[in-house]
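Peer 1: Can you read through this structure? Questions will come right after.
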Amino acid sequence: MAQTYNPQLGREHSYPYEHREEERDYHWGMVINTNRCINCNTCSFACKSTWTSGEGEEYMWWMNVETEPYGGYPMGWDMRLLDDLEADQTIFDAAENGEKVRGYIAEKQAWEYPALGDDQVHGEYPEGEVVESDLENDEYHDIWQFYLPRLCNHCKNPACLAACPRKAIYKREEDGIVLLDQERCRGYRRCVKACPYHKPMYNPETGVTEKPVGCYPRIEEGNVPRCVSSCIGKTRLHGNINRGPDAGPAGGKSSAASGRSPINYLVHSDEKVALPLYPQFGTQPQVFYMPPYHVPPEFLTQMFTPNTEVKENEWPGDTYEESVRIVQERARNPSHEVLGILQLFGATTRLIETYNVKENRVKGWDRNGEKVVDVPIEEPMEVREGEQWTNQ
Ligand code: SF4
Ligand code: F3S
Numbered sequence: 012m013a014q015t016y017n018p019q020l021g022r023e024h025s026y027p028y029e030h031r032e033e034e035r036d037y038h039w040g041m042v043i044n045t046n047r048c049i050n051c052n053t054c055s056f057a058c059k060s061t062w063t064s065g066e067g068e069e070y071m072w073w074m075n076v077e078t079e080p081y082g083g084y085p086m087g088w089d090m091r092l093l094d095d096l097e098a099d100q101t102i103f104d105a106a107e108n109g110e111k112v113r114g115y116i117a118e119k120q121a122w123e124y125p126a127l128g129d130d131q132v133h134g135e136y137p138e139g140e141v142v143e144s145d146l147e148n149d150e151y152h153d154i155w156q157f158y159l160p161r162l163c164n165h166c167k168n169p170a171c172l173a174a175c176p177r178k179a180i181y182k183r184e185e186d187g188i189v190l191l192d193q194e195r196c197r198g199y200r201r202c203v204k205a206c207p208y209h210k211p212m213y214n215p216e217t218g219v220t221e222k223p224v225g226c227y228p229r230i231e232e233g234n235v236p237r238c239v240s241s242c243i244g245k246t247r248l249h250g251n252i253n254r255g256p257d258a259g260p261a262g263g264k265s266s267a268a269s270g271r272s273p274i275n276y277l278v279h280s281d282e283k284v285a286l287p288l289y290p291q292f293g294t295q296p297q298v299f300y301m302p303p304y305h306v307p308p309e310f311l312t313q314m315f316t317p318n319t320e321v322k323e324n325e326w327p328g329d330t331y332e333e334s335v336r337i338v339q340e341r342a343r344n345p346s347h348e349v350l351g352i353l354q355l356f357g358a359t360t361r362l363i364e365t366y367n368v369k370e371n372r373v374k375g376w377d378r379n380g381e382k383v384v385d386v387p388i389e390e391p392m393e394v395r396e397g398e399q400w401t402n403q
């Protein structure tokens, strides 16, 4: 079987499909700051009302928010697959005879409750007592939960695409968005079985499968996806994950001082602050998460790292747990550069291709080199003189 180098794992593994990622200048990508998510599901409803409000689509939540560690849609989607994989095995390495990918089709009941496990915490809740956390001394909380927005990752090694015998799924040349051609689809559901994130969903009314589309009509017009623009917590930044530091200024205009995209900085710079979800599956997902800084890193390690042995790659620590600690600390106490980029989250509905952080301002330019955002990093604070209101 063909091999591919996977930078998220720092090694090669099998991938049963022709692969040409290195040739692409532009690739759809997203960074989500979990520390800002409040589980309001505005993103989920924005996505559903835009894309999946028809017959047979009732259970289709292409965008959903889960409470970790007990939520999940479909129920138990991650643990069930992890149990089937041996250490250092991707879903492609673990494929059974006659299959290209190791996966499973979730039962009907697993789709019945999109919000099951919502707000359920991990840890013993002392009955009748107020829970107090000494954050001065405790780095992480004993009782915790956090919200995990989940969507199609428009993977660089898409399992859905590799598994379809009809070649009905393809990756767009221009931006790497993974699309399903419903005219070609015959409802074989190999893609439904293969996607470890369970995002292709079968429509029993039409007899064909549907999968998330990355809001491609909006991307083509230079706008961010609906889940990004609607997010009231400003949790997300969308853009070109492949635009590294060596790219020239956007649109060839010199006004865009930095050639790098802001999400590329958050994910691929020496100051990495965002991690992929279950990279050990091997699909190279392109949605990255700034991990919650109050949650014990032992848990986050199994969710946001390959959790085997650190190989030669972009991870900042000698072990994955240490890497997670470093990334959490960077999210808790951001550098001036990261603080600047955080102001770009939710600041405009236009796609930001390049950016620049200078003193107290951060600016962003689109693909044509036109400025689309210019905001202060820290707002001036004024304290009014005179007697202060108190409730004494
Ligand atoms: Fe395909 Fe699933 Fe990856 Fe989306 S998340 S590209 S549906 S394998
Ligand atoms: Fe292929 Fe999935 Fe349709 S496997 S035929 S795209 S249901």
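The sequence shown runs 12 to 403 under the numbering used here.
Think of the CB as a built atom: it goes at the ideal place given N, C-alpha and C, for glycine as much as any other residue.
Predicted, not measured: the structure shown is a model, and the values here were computed from it.
Nearest-angstrom Cα distance between H165 and Y70?
Peer 2: About 21 Å.
Peer 1: First and last residue of the alpha helix (DSSP H) that includes C279?
Peer 2: Residue identity differs from the one stated: residue 279 is His in this sequence, not Cys. 273-279 is the span of the alpha helix (DSSP H), which, as asked, contains H279.
Peer 1: G375: which of E185, P387, L355 sits nearest, CA to CA?
Peer 2: Nearest of E185, P387, L355 to G375, Cα basis: L355.
Peer 1: Is C196 near ligand 1, going by C-beta to nearest heavy atom under 7 Å?
Peer 2: No, the Cβ of C196 stays beyond 7 Å of every heavy atom of ligand 1.
Peer 1: Which stretch, first to last residue, makes up the alpha helix (DSSP H) that contains W155?
Peer 2: Element bounds for W155: n/a, residue is neither H nor E.
Peer 1: Examine ligand 1 and report whether any of its heavy atoms sits within less than 7 Å of the Cβ of N164.
Peer 2: Indeed, a heavy atom of ligand 1 lies less than 7 Å from the Cβ.
Peer 1: Report the residue from L248, P160, D186, A205 whose alpha carbon sits nearest the alpha carbon of Y227.
Peer 2: Among L248, P160, D186, A205, the Cα nearest to that of Y227 belongs to D186.
Peer 1: Are the region 235-253 and the region 267-283 touching by the rule of at least three beta carbon pairs closer than 8 Å?
Peer 2: Yes, since at least three Cβ pairs between the region 235-253 and the region 267-283 fall closer than 8 Å, the two stretches touch.
Peer 1: What are the start and end residues of the alpha helix (DSSP H) that includes R22?
Peer 2: No alpha helix (DSSP H) contains R22, which is instead part of the beta strand (DSSP E) from 22-25.
Peer 1: Among P80, W62, L92, which residue has its Cα nearest to the Cα of R237?
Peer 2: Answer by Cα proximity: W62.
Peer 1: Apply the 10 Å Cβ neighbour rule to T330 and answer buried if 16 or more other Cβ atoms are within range, or exposed otherwise.
Peer 2: Exposed, since its Cβ has fewer than 16 Cβ neighbours within 10 Å.
Peer 1: Taking the alpha-carbon positions, what's the K264 to Y81 distance?
Peer 2: Cα to Cα, K264 sits roughly 49 Å from Y81.
Peer 1: Going straight from the alpha carbon of C54 to that of R197, what length do you get?
Peer 2: Those two C-alpha atoms are separated by around 30 Å.
Peer 1: Give the secondary structure of D385 by DSSP, where H, G and I count as helix, E and B as strand, and everything else as coil.
Peer 2: Three-state DSSP puts D385 in a strand.
Peer 1: Cβ-heavy atom distance between C226 and ligand 1 below 7 Å?
Peer 2: The answer is no for C226.
Peer 1: Counting pairs of beta carbons, one from the region 82-97 and one from the region 33-45, are three or more of them closer than 8 Å?
Peer 2: Cβ pair count under 8 Å is below three, so no.
Peer 1: If the criterion is Cβ atoms closer than 8 Å, does the pair T78 and P302 meet it?
Peer 2: No, they are not a contact pair.
Peer 1: With distances taken between CB atoms, is the gap from L190 to R183 smaller than 8 Å?
Peer 2: Yes, they are a contact pair.
Peer 1: Would you mind giving the Cβ-Cβ distance between N344 and A261, rounded to the nearest angstrom? I have them listed as a contact below 8 Å.
Peer 2: Between A261 and N344 the Cβ distance is about 30 Å, and since that is not below 8 Å, they are no contact.
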